[in-house]
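Let me begin by presenting the structure, written as C-alpha cells, before commenting on it.
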Amino acid sequence: MTVTQAQANKMVPVTVLTGFLGAGKTTLLKRILTEFHGKRIAVIENEFGPESIDNELLVQDSDEEIIELNNGCVCCTVRGDLLKTLTDLKNRRINNELNFERVIIETTGVANPGPVCQTFFMDDDIAEYYRLDAVITVVDAKHGMQTLDTQPEAQKQVGFADRLLISKKDLVSDEEFASLKHRLLHMNPRAQIMPVHFGEADLDKILDVTGFNLNSILEIDPEFLQDEQADHHDHHHDHGHDHECDAHCNHEHHHEHNHHHAHHDDEIGAFVFSSNKPFDPQRLEEFLSGVVQVFGPDLYRYKGILYMKGVKQRMLFQGVHMLMGAEPGKLWGPKEKPYNKMVFIGRKLPKDVFTNGLTQCLA
Ligand SMILES: Nc1nc2c(ncn2[C@@H]2O[C@H](COP(=O)(O)OP(=O)(O)OP(=O)(O)O)[C@@H](O)[C@H]2O)c(=O)[nH]1
C-alpha cells in the first residue's frame, strides 16, 4: 500500500516493544504507564500463541480488558487476536469513547515480532489507520549474550529492531557491555543502541522514531559495514589456517581493526546495497517480488531510499518478510546527487544473490 505524507501524519503511531523473557519490557512499560509525560498512550499487552502462566494471571474473566489510567494512558490486555483489538480501539477512538494518541504493543518475550509488524501491512483498514512507528527491542546486558546464543527468536527480535535498549547495565562490567553492544551492532547496524536503567528511557527517543516511516534516513554508517565485511573475510581465512578455535572463542584475532572482542557467527545479519545509478523501475519490481518469494521467511526487515529512472522524487521503500511497500519521498535537491541505498536484515541471506540481482536492475 502506498500512502501520502499527509495521510501518514494523521495516522496513529504504533510502537512494538519486544525483548526476550525478563529483558525488562514490563519495567519500561510500567514507567510509561505511571509517569506523567503528557502523552496519551494505549498499551496493548499481547499474548500470542500458547497461553502462558503470565497470561493466566493477567487475564481473568474476559478475553479483553481495557483500563484507563490516571496519567491518561489506556491499558488493555489481549489474548489472541491483535487485529480485533486494534479494530476495537480504532472504533472506540472514532466514537470518542477512548482518547489516545499512540499505541504501544508489548509482545511476549519468546515471540518473533514479525507477525505483529505484519499486521500493519496486511489489513487495509488497519494499515490506513495505524502507522508502525518502530520496533523497540530490550536486550538484557546480563543474559543477552547467552540468550542470543541459544534463542533464534531473540536474534529475530534484534533483527527487527529500530532501537535497541540494553537493560541491566548495572549488573555487568564495561567490557561485557561493550562486547554485547558490539555484537548487536553486527547483527543490526541500523538500530540505534542505548542503555536503559530500570525502564528509564528517554521517551522522545523511543516514541516517534518513524523507523517504519521511510522519510527517516537510513541510520547506517556504510563505512562500518565495509569494515565488518573485511573482518569477516579475514576471520574465515584465519579459520582454515592457523586458528583452531570455534565461533565463540575468546582469542584475540589480530586484524587491522581492533574492534574485535569475541566472535559470534550470528545467523542474523545485514548488508547494504548502494549505487549512484538509477534503477529501472520494472526490472527492480520484478527482481524484488522474486527475491521476497524465495527469501521472504528469512527477510526480516528491508528498507531503502531509491533513485528511480525518470522519477524526480526519491522513492522510499520498505518491507517485512514478503510484504513490501513504497511511497514517494522528497524531491532530489538541485545540488544533490541521487543515489540508491538499501539495507536488508535477515537470516543467512545470500548477499551475492541480492547484490548481483540489484546490479542487474540498474538502468
Ligand atoms: N538490575 C537491573 N534489573 C532490571 C533492570 N530492568 C529490569 N530489571 C529487572 O529485571 C526483571 C525482569 O524485568 P521485566 O520488566 O519483568 O522483564 P520482561 O521483559 O517484561 O519479562 P517477561 O514479561 O517475562 O517477558 C525484574 O526483576 C526487573 O526489576 C535494570 O536496568 N537493572
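Every letter in the sequence shown is one number past the one before it in our numbering, and letter 72, counting from 1, is 113. Here a beta-carbon is modelled for each residue, glycine too, at the ideal position from N, C-alpha and C.
Where residue i sits in the DSSP three-state scheme
{"i": "alanine 195", "result": "helix"}
{"i": "threonine 251", "result": "coil"}
{"i": "phenylalanine 314", "result": "strand"}
{"i": "lysine 222", "result": "helix"}
{"i": "aspartate 170", "result": "The displayed chain sequence assigns tyrosine, not aspartate, to residue 170. The answer is helix: DSSP assigns tyrosine 170 an H, G or I state."}
{"i": "proline 379", "result": "coil"}
{"i": "leucine 139", "result": "coil"}
{"i": "methionine 235", "result": "strand"}
{"i": "cysteine 158", "result": "helix"}
{"i": "phenylalanine 320", "result": "strand"}
{"i": "threonine 229", "result": "Residue identity differs from the one stated: residue 229 is asparagine in this sequence, not threonine. Asparagine 229 falls in the coil class under three-state DSSP."}
{"i": "methionine 363", "result": "coil"}
{"i": "arginine 342", "result": "strand"}
{"i": "asparagine 397", "result": "helix"}
{"i": "valine 213", "result": "coil"}
{"i": "aspartate 164", "result": "coil"}
{"i": "leucine 403", "result": "strand"}
{"i": "leucine 347", "result": "strand"}
{"i": "lysine 80", "result": "coil"}
{"i": "glycine 337", "result": "helix"}
Residues bridged to residue i (per DSSP)
{"i": "proline 369", "result": "Met356"}
{"i": "alanine 38", "result": "Residue 38 falls outside the range modelled here, since the chain spans only 42 to 404, and no answer is possible."}
{"i": "isoleucine 309", "result": "Arg388"}
{"i": "serine 330", "result": "In DSSP, serine 330 forms no bridge with anything."}
{"i": "isoleucine 146", "result": "Val57 and Ile85"}
{"i": "methionine 186", "result": "DSSP output for methionine 186 lists no bridge partner at all."}
{"i": "arginine 204", "result": "Ile177 and Gln233"}
{"i": "glutamate 241", "result": "His238"}
Distance CB(residue i)-CB(residue j) smaller than 8 Å
{"i": "alanine 161", "j": "tyrosine 171", "result": "Residue 161 is actually phenylalanine in this sequence, not alanine. Taking 8 Å as the Cβ cut-off, phenylalanine 161 and tyrosine 171 qualify as a contacting pair."}
{"i": "asparagine 87", "j": "valine 157", "result": "yes"}
{"i": "alanine 242", "j": "leucine 206", "result": "yes"}
{"i": "threonine 56", "j": "isoleucine 145", "result": "yes"}
{"i": "alanine 175", "j": "arginine 143", "result": "no"}
{"i": "lysine 183", "j": "glycine 65", "result": "no"}
{"i": "leucine 347", "j": "phenylalanine 358", "result": "yes"}
{"i": "phenylalanine 395", "j": "valine 332", "result": "yes"}
{"i": "aspartate 122", "j": "glutamine 196", "result": "no"}
{"i": "serine 316", "j": "leucine 403", "result": "yes"}
{"i": "phenylalanine 141", "j": "valine 115", "result": "yes"}
{"i": "leucine 124", "j": "arginine 133", "result": "no"}
{"i": "proline 154", "j": "phenylalanine 77", "result": "no"}
{"i": "glutamate 147", "j": "leucine 74", "result": "no"}
{"i": "phenylalanine 314", "j": "leucine 212", "result": "no"}
{"i": "tryptophan 373", "j": "lysine 344", "result": "no"}
Span separating the alpha-carbon of residue i from that of residue j
{"i": "aspartate 102", "j": "glutamate 327", "result": "Reliability of the predicted coordinates at aspartate 102 is poor, the pLDDT of 38 falling under 50, and the value obtained from them is presented with this limitation in mind. Cα to Cα, aspartate 102 sits roughly 50 Å from glutamate 327."}
{"i": "threonine 178", "j": "proline 319", "result": "34 Å"}
{"i": "histidine 362", "j": "arginine 342", "result": "7 Å"}
{"i": "alanine 83", "j": "methionine 52", "result": "14 Å"}
{"i": "leucine 69", "j": "lysine 378", "result": "42 Å"}
{"i": "glycine 370", "j": "phenylalanine 385", "result": "20 Å"}
{"i": "methionine 186", "j": "leucine 221", "result": "6 Å"}
{"i": "phenylalanine 336", "j": "leucine 390", "result": "8 Å"}
{"i": "methionine 235", "j": "threonine 126", "result": "31 Å"}
{"i": "lysine 246", "j": "isoleucine 85", "result": "20 Å"}
{"i": "methionine 356", "j": "leucine 244", "result": "29 Å"}
{"i": "leucine 266", "j": "alanine 152", "result": "Summary for leucine 266: the model assigns pLDDT 42, below 50, so the residue's position carries little reliability; its value from the coordinates is reported in the next sentence. Rounded to whole angstroms, leucine 266 to alanine 152 spans 28 Å at the Cα level."}
{"i": "methionine 349", "j": "histidine 238", "result": "44 Å"}
{"i": "lysine 392", "j": "aspartate 129", "result": "42 Å"}
{"i": "proline 54", "j": "aspartate 166", "result": "14 Å"}
{"i": "asparagine 136", "j": "methionine 228", "result": "43 Å"}
{"i": "glutamate 325", "j": "phenylalanine 312", "result": "Just to set this straight, residue 325 is leucine in the shown sequence, not glutamate. Approximately 18 Å between the Cα atoms of the pair."}
{"i": "proline 375", "j": "glycine 351", "result": "15 Å"}
{"i": "glycine 63", "j": "threonine 149", "result": "10 Å"}
{"i": "aspartate 249", "j": "leucine 173", "result": "10 Å"}
{"i": "phenylalanine 61", "j": "threonine 188", "result": "8 Å"}
{"i": "leucine 226", "j": "lysine 382", "result": "19 Å"}
{"i": "glycine 360", "j": "arginine 72", "result": "31 Å"}
{"i": "glycine 387", "j": "histidine 223", "result": "18 Å"}
{"i": "glutamine 323", "j": "proline 193", "result": "36 Å"}
{"i": "aspartate 164", "j": "leucine 364", "result": "11 Å"}
{"i": "glycine 240", "j": "threonine 67", "result": "8 Å"}
Short CB-CB distance (under 8 Å) between residue i and chain D
{"i": "alanine 83", "result": "This model lacks chain D altogether; it includes just one protein chain."}
Residue i Cβ short of 7 Å to ligand 3 heavy atom set
{"i": "leucine 62", "result": "Absence of ligand 3 is noted for the structure shown, with ligand 1 being the only ligands found."}
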